[in-house]
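Everything on this sheet refers to the single structure shown next.
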Amino acid sequence: MMVEPSLVLFYVASAITLGGALGVVMTRNIVYASFALLAAMMGVAGVFLLVFAEFLALVQILIYGGAVVIVLLFALMLTRLEDFQNLTDHRQWPIAAVISIGLFALLVTAIVTTSVRTTEPQSIDFETLGEILFTQWAIPFEVASLVLLVALIGSIVLVRTDGDRD
Amino acid sequence: MIELAHLQILSAGLFAIGTYGVLARRSAVLILMSIELMLNAVNINLIGYAAFVDFDEATRSFGQVLVIFVITIAAAELALAIAIILRLYRNRSTVNVDEIDLMKW
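In the order they appear, the protein sequences are chains V and E.
Read in my numbering, the first sequence has 153 at position 153, and its numbers run on one by one without any break.
Read in my numbering, the second sequence has 90 at position 90, and its numbers run on one by one without any break.
Right, here's the structure in full:
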């Protein structure tokens, strides 16, 4: 029996995603953790491409690959790196492992026992998405941009040091 | 053929790994990274439903619009959280969440 190429690609993308995620939570070096986060985000972008969400795959690569990981690396640069060496795992990590495995089991049980009426995966082209975003969801979109503006101004105010008083 | 259940299980796995990261890590920056992982798990789930469930086109595209909003809010949250972490580091010179216990009774 021939395995479908899209399924093989999906498994590859999932492996990159989950491997990267495990790298984020397991590695002792925090710089490696941010690069593992980058790998996980690229895997998620691959999954988006495979279910025909092209626009969101692009957004994912731009925002997470371009912005989030860079911002995290800047944060690491501005705080002292050697502090992180013994900061990786809490001593209560087995409890955390039990909780997360339990959560995973619960979610998988819910997924397997719930039946959803599905169809073939369908694409939403850029044009339709843009039209709906700027007509039906125009006000939430503007509010989201306002939220971003306020968050960016807020973060500048938070980290600013007064030149004379410092 | 990719099924909806594949995406859902990937999403559940990513969310569980993110939960472990939030609970087990002690560095605030690593906790932030784990929160990003959990948000991405939610996005995978939303995209899966938007692509596979038998909705009309308006409802279908709502899934993708919602993912755009989630990514926007995640970016805003990250910028603010990094600012708070830098401020905290400057004032207390630590990013260990166990030592930041000023508001603990």
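C-beta atoms are modelled at their ideal positions from N, C-alpha and C, and glycine is treated no differently.
Computed from a prediction, not measured in an experiment: that's the story for all the values here.
Asked	Found
Is there at least one Cβ from chain A nearer than 7 angstroms to Arg-92 of chain E's Cβ?	No chain A is present in this structure, whose protein chains are V and E.
Under DSSP, the alpha helix (DSSP H) around Thr-17 of chain V begins and ends at which residues?	5-26
Just tell me which of E:Met-33, E:Leu-4, E:Tyr-20 and E:Phe-15 has its CA closest to the CA of Ile-95 of chain V.	E:Tyr-20
Who are the Cβ neighbours of Val-70 of chain E in its own chain at under 8 angstroms, not counting the five residues just before and after it?	Leu-39, Val-42, Asn-43 and Leu-46
So Ala-75 of chain E and Val-68 of chain V are supposed to be a Cβ contact under 8 angstroms. How far apart are they, rounded?	7 angstroms
Select from V:Ile-153, V:Leu-158, V:Ile-124 and V:Leu-146 the residue whose C-alpha is nearest the C-alpha of Leu-56 of chain V.	V:Ile-124
Can you tell me whether DSSP reads Arg-26 of chain E as helix, strand or coil?	coil
At a Cβ threshold of 7 angstroms, is Met-33 of chain E touching chain V?	yes
Taking its Cβ as the centre, do 16 or more other Cβ atoms sit within 10 Å of Gln-60 of chain V, making it buried, or is it exposed?	buried
Just to confirm the assignment: which complete alpha helix (DSSP H) runs, minimum length 4, are found wholly within the segment 21-80 of chain V?	30-50, 54-60 and 69-78
Figure out for me which residue from V:Leu-78, V:Phe-52, V:Gly-43 and V:Leu-76 has the closest Cα to the Cα of Tyr-64 of chain V.	V:Gly-43
Using a threshold of 7 angstroms, state whether the C-beta atoms of Leu-10 of chain E and Ser-14 of chain V are closer than that.	yes
Run down chain E in chain order and give the residues with a C-beta less than 7 angstroms from the C-beta of Ala-151 of chain V.	Ala-76, Ala-79 and Leu-80
Considering only the alpha carbon of each residue, which of E:Asn-96, E:Val-67, E:Glu-77 and E:Glu-99 lies closest to Leu-149 of chain V?	E:Glu-77
Can you name the start and end residues of the alpha helix (DSSP H) that Pro-94 of chain V belongs to?	93-113
Applying a beta-carbon distance threshold of less than 9 angstroms, which residues of chain E neighbour Phe-134 of chain V?	Going along chain E, no residue has its Cβ under 9 angstroms from Phe-134 of chain V, so there is no contact; the nearest lies around 10 angstroms.
Name the DSSP beta bridge partners of Thr-72 of chain E, please?	Bridge partners of Thr-72 of chain E: none, in fact.
Just how far apart, CA to CA, sit Ala-151 of chain V and Pro-5 of chain V?	43 angstroms
Tell me, please, whether the CB atom of Gly-23 of chain V is closer than 7 angstroms to any CB atom in chain E?	no
Tell me the residue span of the alpha helix (DSSP H) that contains Pro-121 of chain V.	Per DSSP, Pro-121 of chain V belongs to no alpha helix (DSSP H) and is neither H nor E.
Between Glu-127 of chain V and Ala-40 of chain V, what straight-line distance do the alpha-carbon atoms span, to the nearest angstrom?	28 angstroms
In angstroms, rounded to a whole number, what distance separates the CA positions of Asn-29 of chain V and Ile-99 of chain V?	24 angstroms
At 8 angstroms on the CB atoms, spell out the chain E contacts of Pro-121 of chain V, in chain order.	Ile-2, Ala-51 and Phe-52
Ends of the alpha helix (DSSP H) at Ser-145 of chain V?	138-159
Would you say Leu-18 of chain V and Gly-18 of chain E are within 7 angstroms of each other, going by their C-beta atoms?	no
Using a Cβ-Cβ cut-off of 7 angstroms, state whether Thr-194 of chain V counts as contacting chain E.	Because chain V is modelled from 1 through 166, residue 194 of chain V falls outside the range shown and cannot be assessed.
Is it buried or exposed, Met-33 of chain E, if we count other Cβ atoms within 10 angstroms and call 16 or more buried?	buried
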